[in-house]
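Read top to bottom, the protein sequences are chains S and G. All the letters of the first sequence, read from the start, carry residue numbers 24 to 539 under the working numbering. All the letters of the second sequence, read from the start, carry residue numbers 66 to 478 under the working numbering. Below is one structure; the comments refer to it alone.
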Amino acid sequence: MSTTKTPQVNEVNEFLEIASDFEDPLEVIRESLSNSYDAGATEVEITIRDRPIGSEIVIEDNGEGMDYADLESFFDLGNSTKRDPSSDAIGYKGHGTKIFYKSEEVLVNTSKEGTNLRAQMEQPWEKLNNRVMPEYEVRERSVKEGNSGTHIRITGFKSGRGFSPSSLTYNKIEHYLKWKTLAGSTAHYFTDDYHEMDVYITLGDEIDDTQGTLKLNNKLEFPDEQIEPGEGNFPESRMCKHYPPRELTVETDDGDTATIEIVGMIGGKDARNELPTYGKHSAQFGIWLAKDYIKVERVNEVISHDNEFLHFFFVANCQDIELSANREKIRNKSSAIYQAIKEELSHYLSKIASDPWFKDYLNQRRKAKLSRRAKSQQSSVEDREKQIHDRERFVPSNDAEVVLGLERSNRNGVLPEIVVEDYDPDVEVNALVRQDGSLYASSIHHKLTDHFGADKPLEAVDKIICWSYGDPDELSELERHGYHGGDIAFDLNAGRIEYQNGRKHNIHIVSVEQRF
Amino acid sequence: MGFQQKQHGNNGFEIANQAGAARTGTLQVGDTELETPNLFPVVNFYAGGTSSSLYGGGIHRTMKEFMNGDEVINGGDYSEYFDGVMTSVASLTDYGITKERYEEYIDTPIKERDLFDFDGVLFVDSGGFKFLGDKTLDGSDFEVDVDQRAIIDIQRKLGADLVLNLDRPIEPDDDYETRVQKARMTAQNVDQFLELTNRQKQTRYLTLHGYNYSMLNTFLTEIEKVIGKDRVHREFDGVALGSLVPLKDNKGKLITAVSDCREVLNDWGFDDLPLHILGISSSAIPLLAAVGADTFDSSSYLHAAINGKYHTSLYNTEPLDDVDFSNCDCPVCSDDKLVNWMKGDAEYQKDKLGAVSMHNLIIQKEEIRRVREAINKSGTDGLIEYFEQSLSRHKSMQQHAHRVVNDSLGGYF
Ligand SMILES: [Zn+2]
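See the structure below:
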């Protein structure tokens with residue numbers, strides 16, 4: 024028997040608009056997984072090939088299959104693929120299989136209760152663009168009861184720019200599925216309706232030949248808990264604590280209520296790395312809002328600023344958020360219920376952040392950082408020891424060591440004895456020294472040039488005490504240009520600076536190096 | 066944990082239930098029992114308190130009319146909110162009264178005055194807090210040298226049930242030497258206090274001053290040096306933690322002070338003694354009760370009213386002009402006459418603000434009743450749930466509520 028059917032539609036234009044959002048063949052898979060799950064499948068196999076005629080996506084499941092009414096619904100552009108609005112089926116109110124229209128052919132082969140239906144729709148996308156409603160042809164035959172299931176083949180899917188199946192890899196697909204589809208669902212933590220479903224993904228060798236079929240399940244699972252810190256330089260990095268599923272109830276001032284189902288973990292970097300990744304850690308951790316137990320968008324603003332969101336991974340499911348057609352965005356962000364959801368999450372997260380374990384975890388992290396710093400201090404001590412061993416005699420490397428060098432030269436009996444009586448590194452005339460019973464205002468520097476580099480005046484200084492003179496050219500330049508508006512001359516042999524700025528001023532230079 | 070039960074006269078404290086460090090109990094003072102945690106409203110019996118006095122009384126007078134259930138406030142029975150009240154000896158020194166007036170005032174014990182129908186617990190402090198900020202407790206107007214002996218005399222003449230020694234509170238800027246010096250001065254007073262008071266007649270509380278464990282430990286050590294170990298351990302019916310008023314806006318420090326105080330008391334073997342927190346009320350009460358405070362005193366119900374603030378909860382106030390009185394079912398807000406007063410239709414400002422004060426006090430007393438009920442539920446769940454519904458819903462208080470839940474009640478997870 025063969026009949027020809029035309030889907031009911033009066034929303035072609037609307038659909039064409041919506042369809043422009045669907046560019047990624049992975050979204051086809053996301054919708055298919057939800058459909059298969061809703062059909063009670065325990066296994067679903069997905070194959071993607073990059074053919075010369077375009078990409079081909081095949082989805083095969085062992086669900087309950089479809090009858091005529093189901094098919095009608097499946098191909099119906101105006102409504103959902105799901106008939107029972109009261110069911111919790113994921114595709115309900117979604118855009119489901121509409122995305123399949125963006126292709127050159129849709130072929131559905133489905134068996135339900137002893138009847139097999141084969142439905143074929145040709146050139147749906149081209150027809151829609153010509154404002155022609157595509158038809159599908161259904162052929163019916165009998166099959167053995169109990170062999171239910173659905174096989175869908177989509178040929179020539181119109182991927183958007185940059186979303187070609189040839190750019191897919193197993194790695195990429197796994198992470199996408201775990202983050203953005205039912206394969207990363209948190210339903211198993213909350214609902215009795217949950218059933219397990221194995222997901223098999225095969226990519227054609229022309230796409231990725233690095234491994235065979237990929238097997239996934241349909242649940243988000245957290246890395247194993249590790250409450251105590253580990254060993255080594257990063258003891259906190261594998262720490263991980265689970266925060267068990269909780270139901271939070273939200274009520275707006277208007278009396279609207281919503282339920283949030285939240286589950287999550289806090290963990291260090293190594294623990295987080297055991298999760299599937301979805302880009303950088305900064306793009307993936309924090310608090311996710313979910314619908315149908317599938318993550319949609321993050322709301323990291325519900326974590327207070329002083330708690331870096333990176334440590335957190337929570338999924339908060341709420342059926343009262345409304346999604347954009349491609350499920351990437353939440354649409355009802357300005358609603359009172361959304362605000363109330365955020366407030367409740369913020370409250371709940373504040374409790375998590377106050378958990379002594381989390382504080383301990385942060386503490387471990389801080390302690391490890393300090394101990395790493397101590398180790399680097401240690402190694403700097405070792406470096407310095409080596410420098411001391413390597414050098415032949417005392418060489419200062421800063422102003423204070425020049426002071427020590429001067430004292431050492433006194434101990435060695437070098438004359439004249441110059442004793443530092445007062446040293447304050449924070450003032451311009453940083454030392455008072457005693458020589459032959461008199462006190463002299465002095466400027467002590469590693470190099471003579473440092474005094475000028477620091478732009479210190481000369482008028483108040485009797486002596487400049489330095490280890491060495493520094494760059495002679497710098498001194499020459501000072502003689503050429505003058506200093507602070509006065510003429511300056513260095514007589515290094517005589518150990519003297521002659522400075523003339525209004526009146527003449529002689530400054531004694533002490534080279535500590537020469538006293539050794 | 067043993068009970069300090071009626072070993073001395075009729076005074077004692079019996080713990081009923083515990084939730085973490087929080088506890089409910091019964092404070093027996095003479096013939097009166099007070100459920101804890103509880104709140105003593107601060108009442109000024111002097112101002113407007115004698116039959117002939119109309120001077121300066123103002124709002125205090127209206128409060129006493131509420132205590133009495135006088136006809137002028139429409140005869141309602143408010144006595145349950147005055148199961149215990151505190152009054153300060155400093156209420157005398159503040160008013161610059163004459164010797165004559167002073168003697169008239171202390172002539173008859175408060176509970177025996179014809180004017181009052183009050184049979185709750187009368188807690189009379191020592192006015193030590195008046196020493197704060199370079200002020201003195203000055204009785205020169207009525208020609209009395211204010212020392213420990215004089216304070217006890219006043220406390221006795223007022224008919225106090227529960228008394229404190231004269232103390233020297235500390236201030237946040239005090240250095241170690243200053244604090245020790247103050248502890249020694251307090252210790253001298255304590256010595257005299259024990260000599261001059263009789264535990265059979267009055268419930269005696271020892272004042273403590275410190276912001277953390279070490280400071281409180283140092284304080285107790287100084288007290289012990291002067292009065293000896295035995296007396297520290299045997300002579301007091303309770304302890305009162307003071308010096309917290311300068312920290313009143315820093316709830317984190319308040320929690321630390323009170324929970325450390327509880328810890329010091331445990332380590333010193335005072336764990337059965339009730340702990341009063343001097344001068345702290347309003348929104349800190351549940352937090353401090355959760356870490357082991359048993360009683361509080363409040364003048365904030367009055368101050369809020371004087372500043373035109375009407376409490377909608379322990380944590381929130383509204384400007385009086387914005388209030389919808391029908392949202393409150395307390396006896397004040399259910400009384401048309403009093404509501405009219407609060408709306409401004411009162412002959413005297415004191416009546417308008419007095420009614421608001423009474424309402425504010427009821428809000429505070431009702432809240433502390435809820436805290437008691439929460440502690441009395443088995444385990445810590447009741448109190449955790451209490452915080453979940455109250456303080457932890459307020460952004461400014463959330464972190465403190467979480468801290469108390471984590472530190473004292475076993476945490477959320
Ligand atoms: Zn009221």
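Ideal Cβ placement from N, Cα and C applies to all residues, glycine included.
Three Cβ pairs or more, each shorter than 8 Å: is that satisfied between the stretch 320-329 of chain G and the stretch 466-475 of chain G?
Counting Cβ pairs under 8 Å, three or more are found: they touch.
Answer with yes or no whether the minimum CB distance from S/Y266 to chain G is below 8 Å.
Taking the first sequence and counting its residues from 1, the one referred to as residue 266 of chain S is at position 243. Chain G contact via Cβ: present.
Buried or exposed for S/V535, going by 16 or more other Cβ atoms inside 10 Å?
Here residue 535 of chain S is taken as the residue at index 512 of the first sequence, counted from 1. The residue is buried, with at least 16 neighbouring Cβ atoms inside 10 Å.
Whole-angstrom C-beta distance between S/F180 and S/P48, which should lie under 8 Å
The sequence position of residue 48 of chain S within the first sequence is 25, counting from 1. The sequence position of residue 180 of chain S within the first sequence is 157, counting from 1. That pair is a contact at about 5 Å.
G/S153 and G/I235: beta carbons closer than 8 Å?
Translated into positions along the second sequence, residue 153 of chain G becomes position 88. Translated into positions along the second sequence, residue 235 of chain G becomes position 170. Going by C-beta atoms, G/S153 is not nearer than 8 Å to G/I235.
Three-state secondary structure assigned by DSSP to G/P41
Chain G is shown only over 66 to 478; residue 41 of chain G falls outside these bounds and no answer can be derived.
Reduced DSSP secondary structure (H/G/I, E/B, other) of G/S399:
Residue mapping note: residue 399 of chain G aligns to position 334 of the second sequence, counting from 1. In this structure, G/S399 counts as coil in the three-state DSSP scheme.
Under 7 Å by beta carbon: chain S residues contacting G/S378:
Position 313 of the second sequence holds residue 378 of chain G. Neighbours of G/S378 on chain S: none; closest Cβ ~17 Å, over 7 Å.
G/T360 burial status per 10 Å Cβ neighbour count (16 or more: buried):
Numbered from its first residue, the second sequence carries residue 360 of chain G at position 295. The residue in question, G/T360, is buried, as its Cβ has 16 or more Cβ neighbours within 10 Å.
Taking Cβ to Cβ, would you say G/Y451 is nearer than 8 Å to G/R468?
To locate residue 451 of chain G, count along the second sequence from 1; it is residue 386. To locate residue 468 of chain G, count along the second sequence from 1; it is residue 403. No. Outside cutoff.
Please classify S/N453 as buried or exposed, where buried requires at least 16 other C-beta atoms within 10 Å of its C-beta.
Numbered from its first residue, the first sequence carries residue 453 of chain S at position 430. Buried, because 16 or more other Cβ atoms sit within 10 Å of the Cβ of S/N453.
Quick check: what's the CA-CA separation for S/I224 versus S/P188?
Looking up residue 224 of chain S in the first sequence gives position 201. Looking up residue 188 of chain S in the first sequence gives position 165. About 13 Å.
Count the other CB atoms within 10 Å of the CB of S/V533; is the residue buried (16 or more) or exposed (fewer)?
Against the first sequence, residue 533 of chain S aligns to sequence position 510. Buried: at least 16 other Cβ atoms inside 10 Å.
Cutoff 8 Å: S/D378 Cβ touching any chain G Cβ
Reading the first sequence from its first residue, position 355 is the one you call residue 378 of chain S. Yes, its Cβ sits closer than 8 Å to a Cβ of chain G.
Any idea what DSSP makes of G/Q454, helix, strand or coil?
Numbered from 1 along the second sequence, position 389 holds the residue referred to as residue 454 of chain G. The answer is helix: DSSP assigns G/Q454 an H, G or I state.
Would you decide whether S/I113 is buried or exposed? Buried here means 16 or more other CB atoms lie within 10 Å of its CB.
Residue numbering aside, residue 113 of chain S sits at position 90 when the first sequence is read from its first letter. Here S/I113 scores only 47 on pLDDT, less than 50, and its place in the model is too uncertain to base an answer on.
Sequence-distant residues of its chain with Cβ nearer than 8 Å to G/L330 (five each side left out)
Along the second sequence, one-based indexing puts residue 330 of chain G at 265. Beyond the five residues adjoining it in sequence on each side, G/L330 comes within less than 8 Å, by CB distance, of V304, D336, L338, L340 in the same chain, given in chain order.
From G/H125, G/L285, G/F110, G/Y146, pick the residue whose C-alpha is nearest to that of G/T173; which is it?
One-based indexing of the second sequence puts residue 173 of chain G at position 108. When each option's Cα is compared against that of G/T173, the closest is G/F110.
Name, going along the chain, the residues of the stretch 348-372 of chain S whose beta-carbon falls closer than 8 Å to a beta-carbon of chain G.
H370
Between the stretch 419-450 of chain G and chain S, which residues of the former have a C-beta closer than 9 Å to a C-beta of the latter?
none
How would you write the range of the alpha helix (DSSP H) that S/Y522 sits in, first residue to last?
By 1-based counting over the first sequence, the position of residue 522 of chain S is 499. Taken as a continuous stretch (DSSP letters only), S/Y522 belongs to no alpha helix (DSSP H), being part of the beta strand (DSSP E) at 519-524.
Hey, how far is the Cα of S/F213 from the Cα of S/E197?
Numbered from 1 along the first sequence, position 190 holds the residue referred to as residue 213 of chain S. Numbered from 1 along the first sequence, position 174 holds the residue referred to as residue 197 of chain S. Whole-angstrom Cα-Cα distance: 24 Å.
I'd like to know whether the C-beta atoms of G/L379 and G/S348 end up nearer to each other than 8 Å.
Stepping through the second sequence from its first residue, residue 379 of chain G is reached at position 314. Stepping through the second sequence from its first residue, residue 348 of chain G is reached at position 283. Their beta carbons are under 8 Å apart, which means G/L379 touches G/S348 by this criterion.
Buried or exposed: which applies to S/R162, given that a residue is buried once 16 or more other Cβ atoms fall within 10 Å of its Cβ?
Translated into the one-based positions of the first sequence, residue 162 of chain S becomes position 139. Exposed.
Alpha-carbon spacing of S/S377 relative to S/Y384, whole angstroms
The sequence position of residue 377 of chain S within the first sequence is 354, counting from 1. The sequence position of residue 384 of chain S within the first sequence is 361, counting from 1. Each residue's Cα considered, the two are about 12 Å apart.
List, in chain order, every chain S residue whose beta-carbon is nearer than 8 Å to that of G/Q463.
In the second sequence, the residue the question calls residue 463 of chain G occupies position 398. Here the neighbours are H370, S373.
G/H73 by DSSP, collapsed to three states: which one?
Position 8 of the second sequence, counted from the first residue, corresponds to residue 73 of chain G. Any reading at G/H73 needs caution, since the residue's pLDDT is 41, under 50, leaving its predicted position unreliable; the model's value is listed next. In the structure shown, G/H73 sits in a strand (DSSP, three-state: E or B).
Starting from the Cα of S/K201, find the closest Cα among S/K356, S/R74, S/N241, S/S25 and give me that residue.
Here residue 201 of chain S is taken as the residue at index 178 of the first sequence, counted from 1. Among S/K356, S/R74, S/N241, S/S25, the Cα nearest to that of S/K201 is on S/N241.
Rounded separation between S/A92 and S/L239 - CA only
As a working note, residue 92 of chain S is residue 69 in the first sequence. As a working note, residue 239 of chain S is residue 216 in the first sequence. For S/A92 and S/L239, the distance between alpha carbons rounds to 31 Å.
For S/V222, which residues from the same chain have a beta carbon less than 6 Å from its beta carbon, with the 5 sequence-adjacent residues on both sides left out?
Residue mapping note: residue 222 of chain S aligns to position 199 of the first sequence, counting from 1. The residues are V67, A206, L239.
Give the DSSP bridge partners of G/E383, in chain order.
In the second sequence, the residue the question calls residue 383 of chain G occupies position 318. According to DSSP, G/E383 bridges with G/Y375.
Beta-bridge pairing of S/C263 - partner residues as DSSP gives them
The sequence position of residue 263 of chain S within the first sequence is 240, counting from 1. Bridge partners of S/C263: S/Q249, S/G290.
So is G/Y413 buried or exposed if we call it buried at 16+ other beta carbons inside 10 Å?
As a first step, residue 413 of chain G is located in the second sequence; it is residue number 348 there, counting from the start. That one is exposed.
Quick check: does the Cβ of S/H211 come within less than 7 Å of any heavy atom belonging to ligand 1?
Position 188 of the first sequence, counted from the start, is the residue given in the question as residue 211 of chain S. S/H211 Cβ: outside cutoff for every heavy atom of ligand 1.
With distances taken Cα to Cα, identify the nearest neighbour of S/K390 among S/S59, S/N435, S/S260.
The sequence position of residue 390 of chain S within the first sequence is 367, counting from 1. The candidate whose alpha carbon is nearest that of S/K390 is S/S260.
Using a 10 Å radius around the Cβ and a threshold of 16 neighbouring Cβ atoms, would you call S/G117 buried or exposed?
As a working mapping, residue 117 of chain S is identified with position 94 in the first sequence. Residue confidence is low: S/G117 scores 43 on pLDDT, short of 50, so the model does not pin down where it sits. No coordinate-derived value is stated.
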